[in-house]
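Each residue of the sequence shown is one higher than the one before, counting from 0 in numbering that gives the first Met the number 0.
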Amino acid sequence: MTKGTMKTTSYLLITLLALVMSACNIINPDESLPGYIHIDEFEFESAQGFGSASENITEIWAYSNDQLLGAYDLPADIPVIDLGTTNILLRAGIKNNGISATRIQYPFYTDYRQDVGLEAFETDTIRPYFTYKEISPMAFADDFDSGTLFVMEASSQGEFEVTNDTENVFEGNGSGRGVIDEGEDIFRIKSFDQNIWFPDFSQTFLEMDYKCNNTFAVGVYSYLSNGEEGKHLALIINPTNRDGGEPQWNKIYVDFSEIIASTPNAVHYEMYIESKKDDGVDVAELYFDNIKMLHF
């Protein structure tokens, strides 16, 4: 046998061996084949002392045996490599400050765990259950069902009232209604003598249902022991009358944590809502319900 023939034979043997190994990998792949978790809905209820069960959970954060799989919009089919009996952990996700690019796991909702038996290419359906964690009582809450804890500020124009008009009540007996009429420009209300307090550097969120045809701002006044006052804007919120239609109710979660961290010497706070009439708006109307401020 010549050297050329030997070399050709060696190449053929190497190629044949590679094909055999490749075929073995197809039959017994190195990578595990996933099973799937399907989630198309969830259950949420409030807890004692937390008022309304309104929520705006927009995605589910999924873990397999405590390893993060990712965040998934619903309905979701979540691939899971861990087969057999697998512990699935699910957490409720929100848009922090209503912004799609800042999605987070909402810290005040409970986790959901369930063991599932997963097989490759098979799908198990899970319907998670969420509620509020056992935390300290809400620092502030107003559902407008029996009056309100807000008052007009002296510099405010327009009107503020509790409305019982069913077309403008989100749920329950009443909602807060603010109006900036023609010839008026500014609307301002704040919580009245509630002595709201938050621990230093605490995670602090505002929850609120609202609808409006005008932008408005939410924030807090901080007060020092000597009476000195500071004003802190948390967020400017856009109208909910998309495409020129009637305003629709929306739920938002507003993060006040940085404000609280920046005011460690405050002895109490008051929440405020204010609005300046937008260009092109003749009469600004703002509706609020289920306002809650929570903290750890």
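Glycine included, each C-beta is placed from N, C-alpha and C at the ideal position.
Given a threshold of 16 other Cβ atoms within 10 Å of its Cβ, counted over all protein chains shown, does V79 qualify as buried or as exposed? Flag for V79 reads buried.
Output the distance between the C-alpha atoms of G309 and A61, rounded to the nearest integer angstrom. Residue 309 cannot be examined here, being either before or after the span of the chain that is shown, 0 to 295.
Look up G50 in the DSSP assignment and say whether it is helix, strand or coil. In the structure shown, G50 sits in coil (DSSP, three-state: anything other than H, G, I, E or B).
Exposed or buried, which one is V266 when buried takes at least 16 other CB atoms within 10 Å? With fewer than 16 neighbouring CB atoms inside 10 Å of its own CB, V266 falls in the exposed class.
Would you mind stating whether A91 and Y71 have Cβ atoms separated by less than 8 Å? When the beta-carbon positions are compared, A91 and Y71 stay at least 8 Å from each other.
Which residues share a DSSP beta bridge with S261? Residue pairing by DSSP leaves S261 without any beta bridge partner.
Span separating the alpha-carbon of Q247 from that of D114: Straight-line Cα distance between these residues: approximately 39 Å.
If you pair each beta-carbon of the stretch 203–211 with each one of the stretch 235–253, do three or more pairs fall below 8 Å? Contact between the stretch 203–211 and the stretch 235–253 is present, because at least three Cβ pairs lie under 8 Å.
What separation, rounded to the nearest whole angstrom, lies between the Cα atoms of A100 and A153? A straight-line Cα-Cα distance of about 37 Å links A100 and A153.
Looking only at C-alpha atoms, which of D278, G182 and D164 sits nearest to D144? Nearest option by C-alpha distance: D164.
From this set, S261, H294 and N237, which residue's C-alpha is nearest I98's C-alpha? When each option's Cα is compared against that of I98, the closest is N237.
Classify P127: buried if its beta carbon has 16 or more other beta carbons within 10 angstroms, exposed otherwise. By the neighbour-count rule (16 or more Cβ atoms within 10 Å), P127 is buried.
Is the beta carbon of I290 closer than 8 Å to that of A140? In contact: A140 and I290 (Cβ atoms closer than 8 Å).
Shortest alpha-carbon distance to G34 belongs to which of D81, S45 and L223? The option with the nearest alpha carbon to G34 is D81.
Of the residues G157, F41, V168 and F43, the one placed nearest D180, counting alpha carbons only: Among G157, F41, V168 and F43, the Cα nearest to that of D180 is on G157.
Under 8 Å, do I188 and S221 count as touching if we go by C-beta distance? In this structure, the beta-carbon distance from I188 to S221 does not fall below 8 Å.
What residues in its chain sit with their C-beta under 7 Å from that of D278, if we drop five residues either side in the sequence? There are no such residues.
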